[in-house]
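Structure first, commentary second.
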Amino acid sequence: TPSSISPKIGIGTYTKILKENNLPIPEGVVYCPPGRFIYTVIELNRLDCLPAKYIISLKDYAKRHHLRITGENVSFLIRINRSSKKETFIFRLRIRVEDEK
Numbered sequence: 070t071p072s073s074i075s076p077k078i079g080i081g082t083y084t085k086i087l088k089e090n091n092l093p094i095p096e097g098v099v100y101c102p103p104g105r106f107i108y109t110v111i112e113l114n115r116l117d118c119l120p121a122k123y124i125i126s127l128k129d130y131a132k133r134h135h136l137r138i139t140g141e142n143v144s145f146l147i148r149i150n151r152s153s154k155k156e157t158f159i160f161r162l163r164i165r166v167e168d169e170k
């Protein structure tokens, strides 16, 4: 199992860049998938990877509640904490789940 997952730019970043540059947002660009999701709030010191431990804790939660993870996950930046010593990033991690069959 991997120890970390590389982040990818999502729709939020895409739409933010378009707005900052006063470019039109194409119709249909925002897609909210149907289904049920489980969430957790995570704190990262770096933005180059997502430690697998966060995914594993949600996987364990899903298993306890008889849910199956579909593999679709998204992180939303909530806040950036800045101090003189370091910068940390707070994200909400969302993973799609289905009932176990």
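Residue numbers (this note's numbering): 70 to 170.
All C-beta atoms, glycine included, are put in the ideal place defined by N, C-alpha and C.
The structure displayed is predicted, hence computed values, not measured ones.
In the three-state scheme derived from DSSP, where H, G and I count as helix and E and B as strand, D129 is classed as helix.
A residue is called buried when at least 16 other Cβ atoms come within 10 angstroms of its Cβ; Y123 meets this threshold and is buried. Per DSSP, R165 is one residue of the beta strand (DSSP E) stretching across E156 to D168. Ranked by Cα distance from N142, the options R151, E169 and T109 are led by T109. Going by DSSP, L116 is part of no beta strand (DSSP E) at all; its letter is neither H nor E. About 25 Å separates the beta carbons of V166 and R148, which is beyond the 8 Å limit, so they are not a contact pair.
For I94, there is no enclosing beta strand (DSSP E), as DSSP marks it with neither H nor E.
Within the same chain, Cβ atoms closer than 6 Å to the Cβ of H135 are found at E169, the five residues on either side in sequence being excluded.
Contact check between the region 117–132 and the region 86–94: fewer than three CB pairs, one atom from each, fall below 8 Å, which does not count as touching.
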